[in-house]
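Scroll down for the structure; my scribbles are underneath it.
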Amino acid sequence: MARVRFLFVLLVLFVGSVQAGPPKAAIASAHPLATEAGFEVLERGGNAFDAAVAVSAALAVVEPYSSGIGGGGFWLLHRASDDRDVMIDGREVAPLAAHRDMYLDDKGEVVRTRSMDGPLAAGIPGEPAALAHIAGQYGRLPMEMSMGPAIRHAGQGFEVTPHYRRMARFRRDVLREFPAAATFLTDDEVPPLGYRIRQPELARTLTSIAKSEAESFYRGELAAALVADVREAGGIWTLEDLENYRVIERAPIRGRYRGLDVISAAPPSSGGVALVTMLNILSGYDLSGLQPARRTHLIVEAMRRAYRDRAEYLGDPDFVEMPLARLTDPDYAAGLRAAIHPEKATPSAMLPGFTHASTGRDTTHFSILDTDGNYVAATLSINYPFGSGFLSKRTGVLLNDEMDDFSAKPGVPNAYGLVGAEANAIASGKRPLSSMSPTFVRNADRIAVLGTPGGSRIITMVLLGILEFAEGKDPEAWISRPRFHHQYLPDRVFHEPEAFSTTTLQALEEMGHTLEASERTWGNMQGLVWDRRGKRVEAASDPRGEGAAVAR
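Taking mature numbering (1 follows the signal peptide of the UniProt record, and there is no 0), I'd label the letters of the sequence shown as residues -20 to -1, 1 to 532.
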């Protein structure tokens, strides 16, 4: 009996040690000021969800080329107290006056600038409502406290960095078109390094949002000023559009890969569905035992098939019926796997499809873990760098150009080269399909929280990160690993400059793959790992960017 009691005590101690909260908090974000904003809120008694509000708002100020109050995103939350996972859908919606042909000319051809530049390109923002929802339903602190760092950075300014200069140079001509957007330039040129970008109008707007818990953004004088600026510049927003906006809580997409639970974004994000499809296909192979070329070939073929399904089936779940159970079923993946030749590429033209496509650009992501065991993965966007390029002069809000994420015309690629079908056609009040893929991967021993910007390449970057995590590698390894990507159309394997050896490139070409090396690297992944058995927390920020990952 004494021996039994002794063993029982050991078991209790062991289980308790595994289930105890993490020894440190961790935040990885795309900008040091945002990471510090999160820790400032944690140190004032906030939890991971308060920190998520702080980081989101700070990024909206210091990364105007990636996200903002005039945009939206998906926040994937895990609450430790009841072991709950939930996705907060703060995606933009099409204005009530939007219609399926609004970006076509008289000949029925897409006029791409209409869906990318100026206020006509903007969906109704969801970020203010999402931050208020997260703070009110999951946080501990008032929004005024959590948004304090962002308000401070908007008023006092932040310094221009090399990455800011690259993004401003890319969108300089569009920013010049709209006088208020001169905030992001100096004398109509890209600001020099160290120049301080101050946004006093945005500081006042953020203060109003914080005090009213976002009510003022959607109703009242602030909302009226925003709508007036939009309509004066040719946009179609109305006060009714803002009043009608609602945040939606959605059940995440779930899957399994080699003993790991995968929890990711649900539609209107395509990320979770595509990730589970690809992982289900790849679960039938021993990837770690394969030569690099063969391993890459199989991963590319899984990407190809998942992106084909993305184009055909996925859209806003409140508008279209989607076969999600089938797309995420291991038996369905087994059928896709059976059609993969082990040594030959499948031409995309042999799969049901559409037409030509190109490549993608920007967004932002952060990952947070607190010492209570709550964690957040959030991917936010205003779509193209600096969104639509239109800044509301009265409010300081930079508008998104997320309307370009719809299928302006079935089969015609958007700015990120992604094609779509009727499921993602433009409709009044509809949310455009997204690639944003905030993700958790976990088992009894380890938890990973990760995501990245990167347009159409987001999903494949997260896939590669999951595969590295599944092999036991630390976040530095899977965040910095060289990347490759296939999105069904165009039928090419895009890859970073140093992704493959000469031998691997040659072998892939012999299999029938068409490869295209990018001139530069891509992505800006932010991730962390909580090793529950080893009682360690590690965080990593992509070396391709200028972010900061801290565990303390």
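Ideal Cβ placement from N, Cα and C applies to all residues, glycine included.
In the DSSP assignment, what residue or residues form a beta bridge with residue i?
| i | result |
| --- | --- |
| V90 | L84 |
| Y237 | L240 |
| F386 | Beta-bridge pairing links F386 to no other residue. |
| V530 | I7 |
| G53 | G70, L360 |
| F29 | In the DSSP output, where bridge partners are listed per residue, F29 has none listed. |
| L430 | T419, G507 |
| V517 | W510 |
| F464 | H475 |
| S414 | S249 |
| Y287 | The partner list for Y287 (beta bridge, DSSP) is empty, contrary to what the question assumes. |
| R59 | R64 |
| I406 | I406 pairs with nothing; no bridge assigned. |
| Y355 | H58, L349 |
| E169 | T166 |
| I177 | F138 |
Which term fits residue i, buried or exposed, when burial requires 16 or more other beta carbons within 10 angstroms of its beta carbon?
| i | result |
| --- | --- |
| L255 | buried |
| H321 | exposed |
| D62 | exposed |
| A291 | buried |
| R513 | exposed |
| M258 | buried |
| R306 | exposed |
| S268 | exposed |
| P477 | exposed |
| residue 540 | Because the chain is modelled from -20 through 532, residue 540 falls outside the range shown and cannot be assessed. |
| M441 | buried |
| T359 | buried |
| E496 | exposed |
| K324 | exposed |
| S521 | buried |
| Q506 | buried |
| A40 | buried |
| Q467 | buried |
| A519 | buried |
Whole angstroms is fine: what's the gap from residue i's alpha carbon to residue j's?
| i | j | result |
| --- | --- | --- |
| A32 | A38 | 10 Å |
| T218 | R236 | 44 Å |
| S338 | P470 | Confidence is the limiting factor: at S338 the pLDDT is only 38, short of 50, which leaves the residue's position unreliable, though a coordinate-based value still follows. In a straight line, the C-alpha of S338 is about 7 Å away from that of P470. |
| M96 | A529 | 32 Å |
| Y396 | S436 | In this predicted model, Y396 has a pLDDT of only 49, less than 50, meaning its place in the structure is not dependable; the value taken from the coordinates is given anyway. Going from the Cα of Y396 to the Cα of S436 covers about 6 Å. |
| L278 | E157 | 46 Å |
| V253 | D69 | 16 Å |
| R234 | S417 | 12 Å |
| A329 | Y287 | 13 Å |
| S498 | A479 | 10 Å |
| S47 | L100 | 18 Å |
| P412 | A77 | 15 Å |
| G367 | P44 | 8 Å |
| A161 | Q179 | 11 Å |
| H143 | G53 | 22 Å |
| G409 | K4 | 42 Å |
| Q117 | E448 | 34 Å |
| I261 | W510 | 27 Å |
| G353 | P2 | 6 Å |
| A102 | F346 | 24 Å |
| R461 | E220 | 46 Å |
| residue 534 | R274 | Because residue 534 is not part of the residues shown, which for the chain are -20 to 532, the question remains open. |
Output the boundary residues of the beta strand (DSSP E) element that contains residue i.
| i | result |
| --- | --- |
| H475 | 473 to 475 |
| G70 | 64 to 70 |
| A497 | 495 to 497 |
| M347 | According to the sequence displayed, residue 347 carries Ser and not Met. S347 -> beta strand (DSSP E) spans 344 to 349. |
Tell me where the alpha helix (DSSP H) around residue i begins and ends.
| i | result |
| --- | --- |
| R146 | 142 to 150 |
| G128 | 128 to 136 |
| R211 | 201 to 212 |
| A457 | 455 to 460 |
| V227 | Taken as a continuous stretch (DSSP letters only), V227 belongs to no alpha helix (DSSP H), as it is neither H nor E. |
| F197 | 195 to 198 |
| F449 | 438 to 450 |
| P180 | 180 to 192 |
| A115 | 107 to 118 |
| G18 | 12 to 23 |
| T375 | Note, T375: premise wrong, no alpha helix (DSSP H); not H, not E. |
| E490 | 482 to 490 |
Please confirm if residue i has its CB atom under 8 Å from at least one CB of chain D.
| i | result |
| --- | --- |
| G434 | This model lacks chain D altogether, as it is built from one protein chain only. |
Could you tell me whether any non-hydrogen atom of the ligand GTP is closer than 7 Å to the CB of residue i?
| i | result |
| --- | --- |
| G507 | Although the ligand GTP was asked about, the structure shown includes no ligands whatsoever. |
- Please list the segments of the alpha helix (DSSP H) lying wholly inside the segment 289 to 315, counting only runs of 4 or more residues, in order along the chain. 304 to 307
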